[in-house]
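>
In this note's numbering, the protein residues as written are 2 to 309.
Put into structure tokens, the structure is as follows:
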């Protein structure tokens, strides 16, 4: 009897400790900060910052379209009061066609810049670091639950610069945020969602690489999110949000994705079945973040057709 109680107590402590530790490192992962800037790629850009509705300062880059014909911008540090007004580039210099690029977890804006800079030949680009990640403020990430406020703040910032409509490309976490934000943001006219999860509650077990046990551990992580952050992971659902979208959406995913299982893409496809403007590009053998020779052409074609 004593042995059984000891084993039971050990199991309870194991689940509690492991799930709490998993929850903690998921909301406060080691920060990854890129050293690359648009200037390293020969792109004209401006460093900007803006504040979310819940008071978190986010850092970003506004990159002028390559053929805009404007003179190079200052890249040295600009006082915050000027950065917030976007004072480095005059309003009249900015074309309106802008695509917001959203990075994955736990990366930053520089991580996606080299891959996505090809869009700058046609569009202005706007990149920023989600809360807690990269150079942005915040004490933790919510892996999508509150990052929708970050995207809304970015759109509000662009509207202050007379940019009323945007396209959005998002990778992984970024793709999920784009889908969850779009219903309440009419400024978003087209979305490319790449390797997004369909539900944070379904993704939670993927934090753990322990067969079978990862499901109760994932459940407990969801419980800690509700207790400590007031977040119901079941309601953090790009799939549920996608059901209400009527704008053009391109979902990209690989059947061999080793981070976000392909089953999440299937759920997104089912949610978008009534959207006649939804498109799907499912690949066979690419891992999370990998792309093939068609990648740039497919994405550029999508935006050219749907974000004119």
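We put the CB at the ideal spot given by N, CA and C, even for glycine.
This structure is a prediction, so every number in the text was calculated from the model and none was measured.
What are the complete beta strand (DSSP E) segments, minimum 3 residues, inside the region 99–183?
99–103, 125–129, 167–172, all fully within the region 99–183.
> What residue does the beta strand (DSSP E) around residue 284 start on, and which one ends it?
Position 283 of the chain shown, counting from 1, holds the residue named residue 284. Counting along the chain, the beta strand (DSSP E) containing residue 284 begins and ends at 279–284.
> By the DSSP assignment, the beta strand (DSSP E) with residue 47 in it spans what residues?
One-based indexing of the chain shown puts residue 47 at position 46. Per DSSP, residue 47 belongs to the beta strand (DSSP E) from 46–52.
> Could you check where the alpha helix (DSSP H) with residue 268 kicks off and where it finishes?
The residue given as residue 268 occupies position 267 in the chain shown. Unbroken alpha helix (DSSP H) run through residue 268: 263–272.
> Distance, Cα to Cα, residue 158 vs residue 16?
On the chain shown, residue 158 is found 157 positions in, with the first residue counted as 1. On the chain shown, residue 16 is found 15 positions in, with the first residue counted as 1. Whole-angstrom Cα-Cα distance: 43 Å.
> Just grab the DSSP bridge partners of residue 191 for me.
Within the chain shown, the letter at position 190 stands for residue 191. Its beta-bridge partners are 168.
> Give the secondary structure of residue 260 by DSSP, where H, G and I count as helix, E and B as strand, and everything else as coil.
As a first step, residue 260 is located in the chain shown; it is residue number 259 there, counting from the start. Coil at residue 260, not helix or strand.
> Among 43, 292, 131, whose alpha-carbon lies nearest the alpha-carbon of residue 152?
As a first step, residue 152 must be located in the chain shown, where it is residue number 151. If we check each option's Cα against that of residue 152, 131 comes out closest.
> DSSP three-state label for residue 303, please.
Start at 1 with the first residue of the chain shown, and residue 303 comes out as number 302. Residue state, collapsed to three classes: helix.
> For the alpha helix (DSSP H) that contains residue 223, what are its first and last residues?
As a working mapping, residue 223 is identified with position 222 in the chain shown. Its alpha helix (DSSP H) spans residues 215–225.
> Where do the ends of the beta strand (DSSP E) carrying residue 255 lie?
The residue given as residue 255 occupies position 254 in the chain shown. Segment 250–255, the beta strand (DSSP E) holding residue 255.
> Label residue 115 either buried or exposed according to how many other C-beta atoms from any shown protein chain fall within 10 Å of its C-beta, with 16 as the threshold for buried.
Within the chain shown, residue 115 is the residue found at index 114, counting from 1. It is exposed - the Cβ of residue 115 has fewer than 16 other Cβ atoms within 10 Å.
> DSSP state of residue 64, grouped into three classes?
Residue mapping note: residue 64 aligns to position 63 of the chain shown, counting from 1. DSSP places residue 64 in strand when its eight states are reduced to three.
> I'd like to confirm something about residue 59: is its beta-carbon nearer than 6 Å to some heavy atom of the ligand MN, or not?
The model depicted lacks the ligand MN and carries no ligand whatsoever.
> Residues in its own chain within less than 7 Å of residue 217 by CB, not counting five upstream and five downstream?
One-based indexing of the chain shown puts residue 217 at position 216. Around residue 217: 16.
> With the cut-off set at 7 Å, would you say residue 156 and residue 196 are in Cβ contact?
For the purposes of this step, residue 156 is taken as residue 155 along the chain shown, with counting starting at 1. For the purposes of this step, residue 196 is taken as residue 195 along the chain shown, with counting starting at 1. Cβ distance not < 7 Å, so residue 156 and residue 196 don't count as in contact.
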